[in-house]
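The structure appears right after this line, and notes come after that.
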Amino acid sequence: MTSPRRRAPLTASDLDNAVLAVAAEHGLTNATIRNVAAHLGVSIGAVQHHFPTKDALYISAFTALVDRVTQRIDAVGHADDGALEDVLMELLPIDSRRRAEAQVMIEFSALATRAESLAAIQERTLARIRAALCDALSARGVDAPGVRATALLAMVDGLALHASSTTGAYPQEALDSVLRHQLTLILD
Numbered sequence: 009m010t011s012p013r014r015r016a017p018l019t020a021s022d023l024d025n026a027v028l029a030v031a032a033e034h035g036l037t038n039a040t041i042r043n044v045a046a047h048l049g050v051s052i053g054a055v056q057h058h059f060p061t062k063d064a065l066y067i068s069a070f071t072a073l074v075d076r077v078t079q080r081i082d083a084v085g086h087a088d089d090g091a092l093e094d095v096l097m098e099l100l101p102i103d104s105r106r107r108a109e110a111q112v113m114i115e116f117s118a119l120a121t122r123a124e125s126l127a128a129i130q131e132r133t134l135a136r137i138r139a140a141l142c143d144a145l146s147a148r149g150v151d152a153p154g155v156r157a158t159a160l161l162a163m164v165d166g167l168a169l170h171a172s173s174t175t176g177a178y179p180q181e182a183l184d185s186v187l188r189h190q191l192t193l194i195l196d
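Each residue of the sequence shown is one higher than the last, beginning at 9 in my numbering.
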């Protein structure tokens, strides 16, 4: 995890990206202040200048990860029939970027069961995604869009967990097929 020494000023965004990179490669428990500093080629003190504790570092990185994912979801919109599927596909590990994001998101979600600060981020994230799904469902004129949005989110979260925690059991074709099948069930 050692990189050449860095000379440019360190930003919170640099640190968020480093936490996410270390977590994606080595697991969130290895995204320590020491390992993040080594990844960036800076001193531990340089990291602690921005984030004095690992908790503060994790809060910032989790927020940055959530913002990335929700910005892509927001960009999809909900105007056409394919929008709902596109929103859900952003949450599934169908390529290397989304697989890394899903794995780290799952690890943050697990930590949120014991850390109030991360739980608050998790609650806001789920509410934001549910709202986007609800908007897409409302645009289609379905009954009970809130209930259906919750069901879709639970399904896609479970599918993301299973696909992220296995090797090759859920290729993209399988994820597409399951997603389309569940959409048909929920939309009918």
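The beta carbon of each residue, even a glycine, is placed where N, CA and C say it ideally should be. In this text, all values refer to a predicted model and were calculated from it rather than measured experimentally.
- Task: Kindly list the residues whose CB is nearer than 8 Å to the CB of A29, restricted to its own chain and excluding five residues on each side of it in sequence; keep chain order.
- Result: Excluding positions up to five away in sequence, the list reads H47.
- Query: Taking the alpha helix (DSSP H) that T71 falls in, what are its first and last residues?
  - Reply: Boundaries of the alpha helix (DSSP H) harbouring T71: 62 to 84, taken from the DSSP string.
- Item | First through last residue of the alpha helix (DSSP H) which encompasses E181 | From DSSP, the alpha helix (DSSP H) with E181 extends over 180 to 195.
- Residue closest to S173, alpha-carbon to alpha-carbon, out of A152, A162, A108, V186: Of the candidates A152, A162, A108, V186, the one whose C-alpha sits nearest the C-alpha of S173 is A108.
- Message: By the three-class DSSP mapping on this structure, what secondary structure does G35 have?
- Response: Correct three-state label for G35: coil.
- With DSSP as the reference, label V50 as helix, strand or coil. Three-state result, V50: coil.
- Quick one: residues in its chain with C-beta nearer than 6 Å to the C-beta of A110, no 5 flanking neighbours on either side, listed in chain order? Cβ neighbours of A110 beyond the five flanking positions: P101, A168, S172.
- The alpha helix (DSSP H) with T133 in it runs from where to where? Note, T133: alpha helix (DSSP H), 124 to 147.
- Just tell me which of A177, I81, L160 has its CA closest to the CA of T192. Here the closest residue by C-alpha is L160.
- Item | Three-state class that DSSP yields for F116 in the structure shown | The DSSP-derived three-state label of F116 is helix.
- For P153, which of helix, strand or coil comes out of DSSP? Correct three-state label for P153: helix.
- Item | Alpha carbon of V164 to alpha carbon of L145, nearest angstrom | Distance between the alpha carbons of V164 and L145 is about 15 Å.
- Item | D94 in three-state terms, based on DSSP | Helix at D94.
- Which one of H170, E115, G176, G149 has the shortest CA to CA distance from I194? Of H170, E115, G176, G149, the residue nearest in Cα terms is G149.
- Item | Cβ separation of I41 and V55, assumed to be a contact under 8 Å, to the nearest whole Å | Contact annotation, I41 with V55: C-beta distance approximately 5 Å; criterion of less than 8 Å satisfied.
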